[in-house]
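Counting with our numbering, you get residues 1 to 215 for the letters of the sequence shown. Don't be surprised by glycine CBs; every beta carbon is placed ideally from N, CA and C. What follows is a set of notes on a single structure, which appears directly below.
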Amino acid sequence: MDTPSIREFVDLPEVWDRMGEIEDRLLEVSSSEDAFLTEVAQHLITAGGKRFRPLLAMLAAQLGDPSGSRPVDAAVAVELIHIGSLYHDDVIDEAETRRSATSANANWDNTVAILAGDFLMARASELAAAELGQESVRLLAATYAALVEGQTFELQLDFDLNHGSEAYEKVIAGKTASLIRTSSRLGALAAGCTPDVVDAVSEWAWEVGIVFQIA
Ligand code: FPP
Ligand code: MG
1 MDTPSIREFV DLPEVWDRMG EIEDRLLEVS SSEDAFLTEV AQHLITAGGK RFRPLLAMLA
61 AQLGDPSGSR PVDAAVAVEL IHIGSLYHDD VIDEAETRRS ATSANANWDN TVAILAGDFL
121 MARASELAAA ELGQESVRLL AATYAALVEG QTFELQLDFD LNHGSEAYEK VIAGKTASLI
181 RTSSRLGALA AGCTPDVVDA VSEWAWEVGI VFQIA
């Protein structure tokens with residue numbers, strides 16, 4: 001059996017039609033007055049990527065009123081956090097490549113890569129504060145903390161051959177499922193969904209995040 005592409009699987013043209021707006025906004029929000037910082041910060045943005053987190057934000061927004069710029073800004077905020085964390089992750093892993101491109105740490109150096117990651121995180125917070133409101137800013141801040149906790153817990157398991165599946169689940173919950181859940185939650189909040197809908201789509205996305213990381 002052929003696996004359907006994600007576009008076939010998510011058969012919602014109204015969602016796919018808006019993905020270009022996300023690309024434009026990503027470039028706008030990640031720009032700096034410093035041309036070098038813009039170049040480094042956009043290195044991984046322009047290298048491609050699945051845009052899975054923005055897709056989840058836009059999908060969740062369909063459960064409310066998806067019109068206007070707020071769902072796009074929610075999608076952009078979560079993608080900036082994701083990409084920012086990849087700059088840092090590639091420094092930690094001493095990675096040479098990312099998304100078929102040279103990683104920023106390999107192309108420039110660790111200092112430059114860390115600063116670019118910091119910049120994207122800062123821009124995500126700025127965007128959320130300006131466009132999405134206090135609940136979304138708080139949610140994003142709690143999600144950065146969960147990413148760092150997941151990554152830090154993973155470090156402590158290095159070379160520990162005795163840990164079980166519970167520890168593994170704690171790592172993937174923190175470093176992957178937390179941001180995937182936040183992607184849907186932020187999209188639903190941006191679209192003015194009712195609290196019940198926001199909670200239901202968050203719970204669904206949490207399960208998706210766990211399965212995504214295992215897969
Ligand atoms: C990829 O993991 C990395 C992540 C899913 C998150 C990394 C989180 C941090 C570096 C914490 C710092 C975050 C902030 C918000 C400052 P992987 O190495 O297992 O996968 P890969 O093959 O894609 O590198
Ligand atoms: Mg890595």
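Reference residue 140, options 154, 155, 152, 123, closest by Cα: For residue 140, the closest C-alpha among the options 154, 155, 152, 123 is that of 123.
Any non-hydrogen atom of the ligand FPP closer than 6 Å to residue 175 Cβ: Checking every heavy atom of the ligand FPP against the Cβ of residue 175, one is found closer than 6 Å.
Cβ distance (whole Å) where residue 157 is taken to contact residue 163 below 8 Å: The beta carbons of residue 157 and residue 163 sit about 5 Å from each other, so the pair counts as a contact at 8 Å.
Nearest-angstrom Cβ-Cβ length linking residue 29 and residue 63, presumed shorter than 8 Å: That pair is no contact at about 25 Å.
heavy atom of the ligand MG below 6 Å from residue 89 C-beta: The answer is yes for residue 89.
CB contact flag (residue 78, residue 22, <7 Å): In this structure, residue 22 does not lie closer than 7 Å to residue 78 by Cβ.
Cβ neighbour criterion (16 or more within 10 Å) applied to residue 56: It is buried - the Cβ of residue 56 has at least 16 other Cβ atoms within 10 Å.
One or two residues paired with residue 98 in a DSSP bridge: 101, per the DSSP bridge assignment.
At least 3 beta-carbon pairs within less than 8 Å: the region 90 to 98 vs the region 134 to 150: When Cβ pairs closer than 8 Å are counted between the two stretches, the region 90 to 98 is seen not to touch the region 134 to 150, the count staying below three.
Closer than 6 Å: residue 211 CB and nearest the ligand FPP heavy atom: Exclusion of residue 211 from the 6 Å shell around the ligand FPP follows from its C-beta lying no nearer than that to any non-hydrogen atom of the ligand.
Anticipated Cβ contact below 8 Å, residue 172 with residue 114, distance rounded: About 24 Å; that fails the 8 Å criterion.
Inter-residue Cα distance where the pair is residue 6 and residue 52: Rounded to whole angstroms, residue 6 to residue 52 spans 9 Å at the Cα level.
CA nearest to the CA of residue 66, picked from 128, 184, 215: Checking every option, the nearest Cα to that of residue 66 belongs to 184.
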